[in-house]
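S.K.: Could you have a look at this structure, given as structure tokens, before my questions?
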Amino acid sequence: MERQDQRIGLLSALPMGVVLLISFLAPMLVIAVFSVMPQKVFSLLHIPDFSSYKLVFTQGYIKSVLWSFGMAMASTVVLFVICWPLAFGMAKVFKGFGIFITIAVVVTLFVSENIRLFGWVLTLMKGGLIEGHLRAWTGLTFEGVLYNTPVIVFGLVYAYFPFMLFPLIQGIAMVPDDARQAAADLGATRRQIFFEVDLPLSAPGIVIGSLLSFVLAAGAMAESKLLGGQTVIVIADEIETAFTYGQNWPLGSALSIILILVIGALSIFGINRVNLDLIMGGRRT
Amino acid sequence: MKMSRSARIALTLYGVLAIFFLYLPIISVGFASVSKARYLTFPIKRYATKWYGKAIESSTVQDLLWTSLSVALLVTVISMVVGFFGALAFARYQWRFRGVFQKLILLPIFFPQAVLGLALLLWFNALGIIPSWKTAVVAHLVWISPIATLIIAIRAYGFDPSLEEAARDMGASTWTVMKEITGPLLWPGVVSAGLFAFLLSWGNFPLSLFTTGADSTLPEWLYAKMVSGYSPLVPSVGILSIVTSIVLLLFGVIVMWLIRARSETLSAR
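Chains A and B, in that order, are what the protein sequence lines are. Going from the first sequence to the numbering used here is simple: count from 1 and add 36. Going from the second sequence to the numbering used here is simple: count from 1 and add 155.
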């Protein structure tokens with residue numbers, strides 16, 4: 037039986053393995069090789085000179101990198117704070133209503149991100165849903181709240197809400213009620229229960245949720261373009277420009293590699309911390 | 156630990172508020188799509204459905220629909236097959252590289268999709284393949300087939316391996332076991348994975364952006380029009396795309412429900 041498992045396991049992994057090999061690992065290798073090519077070449081048959089990396093560090097691209105990671109960090113923190121109470125309610129308090137929320141949130145995932153962000157533009161712009169109605173009903177008005185950094189962070193929070201919420205629910209569901217009860221019986225305050233029982237015991241969910249929202253936000257582009265106008269150029273935007281208008285593939289590749297390295301390191305660190313079998317509901321470990 | 160009544164009510168209100176926020180932008184698009192004016196301002200004074208008519212008649216929109224549909228259907232079928240076997244390797248069998256496999260599957264999900272798309276573009280270029288909607292299928296698969304695998308894996312974790320062992324002990328071949336035991340048991344997971352795959356592919360923008368070449372999918376066209384050269388068709392085409400998703404979702408839920416009803420009558424016999 038053991039040998040049988042080995043053989044069938046390997047065979048079943050094959051199709052997925054082939055997909056990942058030809059469409060994930062190979063492209064990553066290509067982009068890595070491109071990133072060390074001389075400027076503005078379109079093939080891999082040149083002598084590497086690492087000039088793109090020099091450009092990245094001297095031409096101010098680092099600013100975009102910092103903006104992206106800064107805004108990703110901010111949105112992750114905000115997401116954690118606003119998702120925690122809801123996740124707690126869904127894991128421990130709500131019953132039928134929790135299922136309703138789950139379905140309602142999942143359905144939004146199937147609506148293209150563009151359309152939802154465009155909806156926010158319509159809602160928040162001057163003459164939009166909020167300002168337009170406010171002016172029509174009360175005569176009051178305000179300048180549009182679009183095209184600044186906070187609204188980009190708001191967009192990131194909105195877009196990646198489910199990616200924080202669902203892992204948090206999984207994490208909080210792993211906290212045994214007995215542990216919370218015992219802590220309360222022994223005289224722990226609410227604060228203490230939160231910091232010393234809830235947080236550590238739901239850590240796997242927190243790690244996955246924060247990681248997902250940070251990583252997705254760091255590589256996001258639509259939020260800053262649609263909601264932010266041209267106030268901030270994020271790294272994904274710079275990468276796109278380098279490939280399209282700039283026609284400088286090696287520069288775009290070098291910028292991508294920097295993003296990939298940071299995100300890859302964080303993901304591998306996070307994925308290694310959690311027991312996948314346990315989170316997915318498996319019984320064996 | 157009992158929660159006080161007021162805290163419970165506050166939490167419920169918080170949940171309602173969260174849902175309201177999630178749907179507010181979609182409501183705005185809905186209103187915008189039925190506004191008669193070419194240049195939209197709220198509050199909307201005159202309503203009209205003419206933009207829907209124009210959108211459906213437009214040959215550009217029809218082409219977009221076909222491209223999006225072809226990509227999504229192919230992605231769905233391939234993800235279901237790959238995900239079925241991938242889930243077995245992920246959850247069911249104890250084999251040597253299972254741990255590595257599990258982690259490798261998660262990596263593409265964590266990756267920025269725009270960068271994945273670009274890397275694929277470079278790779279296709281190096282291979283001498285001209286990008287079209289078919290290459291977009293490959294791009295979508297990188298991200299969607301791992302998700303399909305995870306969804307089916309949840310189902311695979313839940314089933315009792317002794318069922319397969321019993322069949323094997325009674326002399327069934329590996330193929331027969333797959334067909335008669337494993338397949339039917341995982342089938343509900345495979346259907347919901349297929350549904351997810353279709354919907355995620357249908358709405359995906361960042362992966363399509365660089366990999367469709369001269370072809371264009373619905374979300375790509377919408378984005379292009381939002382960023383430059385606004386067209387009053389944007390809200391109505393957006394709503395049409397959402398309606399398609401919802402109809403499909405309802406259809407999928409009904410299929411799932413029928414499968415469950417059937418398997419219950421089978422086991423009751």
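Just so you know, even glycine gets a beta-carbon here, dropped at the ideal spot from N, CA and C.
Which class does Y194(A) belong to by DSSP, given the choice of helix, strand or coil?
M.R.: helix
S.K.: Pull up the DSSP beta-bridge partners for Y202(B), would you.
M.R.: Y202(B) pairs with S190(B).
S.K.: CA-CA distance, F266(B) and R201(B)?
M.R.: 45 Å
S.K.: Is the CB of Y169(B) under 8 Å away from at least one CB in chain A?
M.R.: yes
S.K.: Can you check whether the C-beta of S225(B) is within less than 8 Å of a C-beta belonging to chain A?
M.R.: no
S.K.: So the alpha helix (DSSP H) V230(B) belongs to, where does it begin and stop?
M.R.: 214-242
S.K.: What's the call for V297(B), buried or exposed, on a 16-neighbour Cβ count within 10 Å?
M.R.: buried
S.K.: Taking the straight line between their C-alpha atoms, what separation do you get for P63(A) and W285(A)?
M.R.: 14 Å
S.K.: How would you call Y169(B), buried or exposed, if buried means at least 16 neighbouring beta carbons within 10 angstroms?
M.R.: exposed
S.K.: Could you work out which residue in L122(A), A108(A), G53(A) is closest to L243(B) when comparing CA atoms only?
M.R.: The residue with the shortest Cα to Cα distance from L243(B) is G53(A).
S.K.: Just reading off the alpha helix (DSSP H) that H295(B) is part of, what are its end residues?
M.R.: Counting along the chain, H295(B) sits inside the alpha helix (DSSP H) bounded by residues 288-313.
S.K.: Under 8 Å between the Cβ atoms of T399(B) and V226(B)?
M.R.: 8 Å or more divides the Cβ of T399(B) from the Cβ of V226(B).
S.K.: Whose Cβ in chain A lies nearer than 9 Å to the Cβ of I181(B)?
M.R.: T144, V147, I151, R152, G155
S.K.: Please work out which residues of its chain come closer than 8 Å, Cβ to Cβ, to I284(B), disregarding the five sequence neighbours upstream and downstream, and give them in chain order.
M.R.: T290
S.K.: Applying the 10 Å Cβ sphere with the 16-neighbour rule, what's the burial state of E274(A)?
M.R.: buried
S.K.: Specify the secondary structure class of Y97(A) as computed by DSSP and reduced to three states.
M.R.: helix
S.K.: Report the rounded CA-to-CA distance for P361(B) versus I296(A), giving the unit in angstroms.
M.R.: 16 Å
S.K.: Would a C-beta distance cut-off of 8 Å place A327(B) and E335(B) closer than the cut-off?
M.R.: For the 8 Å CB-CB criterion, A327(B) and E335(B) form a contact.
S.K.: E169(A) versus chain B: which residues are under 8 Å apart at the beta carbon?
M.R.: For the record, residue 169(A) in the displayed sequence is His; it is not Glu. Ordered by position in chain B, the residues that pass the 8 Å Cβ test against H169(A) are F197, P198.
S.K.: Does DSSP classify E179(A) as helix, strand or coil?
M.R.: Note: E179(A) maps to coil in three-state DSSP.
S.K.: Please list the residues of the region 251-265 of chain A that have a C-beta atom closer than 9 Å to any C-beta atom in chain B, keeping them in chain order.
M.R.: V251, L252, A254, G255, A256, M257, A258, K261, L262
S.K.: Evaluate the contact criterion for the region 79-95 of chain A versus the region 174-189 of chain A: three or more CB pairs, one atom per stretch, below 8 Å.
M.R.: no
S.K.: Report the neighbours of W120(A) on chain B: residues whose CB is nearer than 9 Å to its CB, in chain order.
M.R.: None at all; the shortest Cβ gap to chain B is about 11 Å.
S.K.: If you follow the alpha helix (DSSP H) that R247(B) is in, where does it begin and where does it stop?
M.R.: It is not in any alpha helix (DSSP H) - R247(B) carries neither H nor E in the DSSP assignment.
S.K.: Taking the alpha carbon of Y194(A) as the reference point, which residue from R39(A), K128(A), S111(A), G245(A) has its own alpha carbon closest?
M.R.: Comparing C-alpha distances from Y194(A) to each of R39(A), K128(A), S111(A), G245(A) shows the shortest one belongs to S111(A).
S.K.: Can you grab the Cα-Cα spacing for the pair I174(B) / K99(A), in whole Å?
M.R.: 35 Å
S.K.: Roughly how many angstroms separate the alpha carbons of Q283(A) and F351(B), rounded to a whole number?
M.R.: Using only the alpha carbons, I get a separation of about 36 Å.
S.K.: Taking the CB atoms as reference points, tell me whether F279(A) and L177(B) lie closer together than 8 Å.
M.R.: no
S.K.: What's the C-alpha gap between Q40(A) and G125(A)?
M.R.: In a straight line, the C-alpha of Q40(A) is about 44 Å away from that of G125(A).
S.K.: Examine chain A for any beta-carbon lying closer than 8 Å to the beta-carbon of F175(B), and answer yes or no.
M.R.: no
S.K.: Quick one: give me the first and last residue of the alpha helix (DSSP H) that H169(A) is part of.
M.R.: 165-174
S.K.: In terms of alpha-carbon separation, which member of V408(B), R417(B), V345(B), T420(B) lies closest to V143(A)?
M.R.: Per the Cα distances, V408(B).
S.K.: Could you give the uninterrupted runs of the beta strand (DSSP E) lying entirely in the region 37-111 of chain A, keeping only those of 3 residues or more?
M.R.: none
S.K.: What would DSSP say about Y385(B), mapped onto helix, strand or coil?
M.R.: coil
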